[in-house]
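Asks:
Protein chains: 2
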Amino acid sequence: MARNEQSILDAASRVFSTSGVDAPVREVADAAGVGMGTLYRHFPTRSDLMVAVYRHQIDECADAGPQLLESSASPFVALQEWVHKYADFLTTKHGLGNVWQGDAAGLSALHQLFLDRLLPVLAELLEAARTSGEVAADVTPYELLRAVGDLVAWNVNDPNYDVLRIVNLLLAGLRQPPTT
Amino acid sequence: MARNEQSILDAASRVFSTSGVDAPVREVADAAGVGMGTLYRHFPTRSDLMVAVYRHQIDECADAGPQLLESSASPFVALQEWVHKYADFLTTKHGLGNVWQGDAAGLSALHQLFLDRLLPVLAELLEAARTSGEVAADVTPYELLRAVGDLVAWNVNDPNYDVLRIVNLLLAGLRQPPTT
DNA sequence: TGCGTAGCGGAACGACGCTCCGTATTGTTG
DNA sequence: CAACAATACGGAGCGTCGTTCCGCTACGCA
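The listed protein sequences derive, respectively, from chains A and B. Here the numbering used here is used: the first residue of the first sequence is 36, the next is one more, and so on. Here the numbering used here is used: the first residue of the second sequence is 36, the next is one more, and so on.
#1: In three-state terms, what does DSSP make of A:His119?
#2: At what residues does the alpha helix (DSSP H) containing B:Arg61 begin and finish?
#3: Cβ atoms of B:Asn195 and A:Tyr177: under 8 Å apart, would you say?
#4: Going along the chain, which residues of the region 189-207 of chain A sit with their C-beta nearer than 8 Å to a C-beta in chain B?
#5: Going by DSSP in three states, A:Ser167 sits in which element: helix, strand or coil?
#6: In chain A, which residues lie less than 7 Å from B:Gln147 when you measure between Cβ atoms?
#7: Of all the CB atoms in chain A, is at least one closer than 8 Å to the CB of B:Tyr75?
#8: Can you list, in chain order, the residues of its chain whose CB lies under 7 Å from that of A:Ala108, leaving out five sequence neighbours each side?
#9: Flag this pair as yes or no: are the beta carbons of B:Val174 and B:Leu125 separated by less than 8 Å?
#10: Is any beta-carbon of chain B found at less than 8 Å from that of A:Glu178?
#11: Measure the beta-carbon distance from A:Leu44 to A:Ala87 and round it to whole angstroms, keeping in mind my assumption that it falls under 8 Å.
#12: Looking only at C-alpha atoms, which of B:Pro79, B:Asp83, B:Tyr89 sits nearest to B:Ser52?
#13: Report the CB separation of A:Leu104 from A:Leu160 in whole angstroms; it is logged as a contact under 8 Å.
#14: Is there contact here, the region 90-98 of chain A with the region 71-79 of chain A, by at least three beta-carbon pairs under 8 Å?
#15: At a CB-CB cut-off below 7 Å, which residues of chain B make contact with A:Trp135?
#16: Residue range of the alpha helix (DSSP H) that B:Ala188 falls in?
#17: Which residue comes first and which comes last in the alpha helix (DSSP H) that contains B:Ser54?
#18: What residue range does the alpha helix (DSSP H) around A:Pro101 cover?
In structure tokens, the structure reads:
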């Protein structure tokens with residue numbers, strides 16, 4: 036029982052990293068040597084499977100927030116570095132962009148996880164950078180989290196699209212007061 | 036023949052605007068009172084159908100570029116207003132974000148149309164704003180076009196996500212020199 | 001040894017984009 | 001005006017998804 040759950044998890048992270056995050060559920064089941072029924076009893080939805088696979092990395096990313104806030108030269112630098120970390124995570128999982136697609140695609144569980152774990156962290160970083168006077172723009176943490184996600188998530192290793200550069204562009208915008 | 040093509044086009048724009056851009060092709064065929072075969076002979080791909088439906092609006096958007104450059108107070112303002120126009124277009128077509136998803140989803144024709152028509156326009160606007168000294172950041176027109184697209188395209192009328200604000204954030208970033 | 005139940009596999013379902021082929025509808029000839 | 005191409009058409013069918021469902025296996029306890 037738990038034996039199967041673990042082998043499914045192992046298979047899933049193996050399959051997701053080789054065939055991409057969009058790999059068919061069947062492929063994961065096959066790789067785990069398990070039937071569809073078994074897989075779906077443990078993970079009722081594709082999204083639940085992804086949550087299980089990525090939870091650890093998301094936690095790691097979340098934990099890095101307060102840490103960076105302490106160790107960095109300024110709140111803004113911390114914010115910047117955290118966003119880079121977050122962007123890196125999403126970039127390596129091509130196709131994880133669906134997370135922000137709202138109701139669609141049955142990724143609600145993963146969506147929720149992002150909101151629960153990452154939103155508070157970003158909120159804290161943003162607030163700190165705002166009180167230190169380094170951020171003047173008028174944005175909510177949610178908007179920023181989603182914006183960076185959108186910017187990054189569909190990156191398909193396009194040599195003409197430098198993700199880091201674009202993300203930094205957005206961050207640079209934070210320094211300036213809102214335009215009408 | 037051409038009679039059918041027109042009714043398919045009409046049906047498509049009707050269906051896309053009511054059921055969303057992701058509406059099944061079958062639905063368009065039914066709405067047009069036409070079989071799948073007929074639809075696919077005129078528009079061999081979902082993407083071709085969308086190209087046909089949106090070409091006019093895309094052309095309009097493209098034509099607005101040089102126009103804005105003349106009439107606006109400064110190149111940067113023109114750039115800003117054009118980007119707003121572009122963003123508005125994408126926003127009203129929920130789900131058109133797939134366009135930037137690269138190879139996927141068989142949207143290549145639409146992708147190409149964006150590149151052909153909009154990229155040169157944005158390039159001109161960006162170049163003008165750069166020579167006027169209002170843009171210091173190091174971005175290619177392609178990156179900017181895609182970034183704005185990504186930012187906007189999955190908007191699902193989320194009251195917590197103000198598209199215009201986010202786009203302006205990115206534009207504000209353009210003013211500043213690149214950070215390392 | 002028998003039986004109840006929990007855990008399992010994989011066929012099957014509905015939705016999708018797209019293809020294919022038999023049929024209707026033209027329009028051109030003798 | 002009739003016979004016959006050539007063209008246009010409709011919709012069933014295919015392969016791929018995510019997900020569901022059901023018959024079967026294998027184990028625990030009497």
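Using N, Cα and C, we set each Cβ at its ideal position, and we do this for glycine too. Just so it is clear, the structure is predicted and the values come from calculations on it, not from any experiment.
Replies: In brief:
#1: In the structure shown, the three-state DSSP call for A:His119 is helix.
#2: Boundaries of the alpha helix (DSSP H) harbouring B:Arg61: 60-66, taken from the DSSP string.
#3: A contact, by the Cβ cut-off of 8 Å.
#4: Cβ contacts with chain B: Trp189, Val191, Asp193, Asn195, Tyr196, Asp197, Arg200, Ile201, Asn203, Leu204, Leu205, Leu206, Ala207.
#5: DSSP places A:Ser167 outside both helix and strand once states are collapsed to three, so it counts as coil.
#6: Under the 7 Å cutoff, chain A gives no residues; its nearest Cβ is about 15 Å from B:Gln147.
#7: B:Tyr75 is outside the set of residues whose beta carbon lies under 8 Å from a beta carbon in chain A.
#8: Around A:Ala108: no qualifying Cβ.
#9: Taking 8 Å as the Cβ cut-off, B:Val174 and B:Leu125 do not qualify as a contacting pair.
#10: At a cut-off of 8 Å between beta-carbon atoms, A:Glu178 makes contact with chain B.
#11: Rounded, the Cβ-Cβ distance is 6 Å, consistent with contact.
#12: For B:Ser52, the nearest C-alpha among the options comes from B:Tyr89.
#13: Going by Cβ atoms, the distance from A:Leu104 to A:Leu160 rounds to 6 Å, so yes, they are a contact pair.
#14: Taking a cut-off of 8 Å on C-beta distances, the region 90-98 of chain A does not touch the region 71-79 of chain A, as fewer than three cross pairs fall below it.
#15: Under the 7 Å cutoff, chain B gives Trp189.
#16: Judged by DSSP secondary structure, B:Ala188 falls within the alpha helix (DSSP H) whose first and last residues are 176-188.
#17: Element bounds for B:Ser54: 37-54.
#18: Counting along the chain, A:Pro101 sits inside the alpha helix (DSSP H) bounded by residues 81-106.
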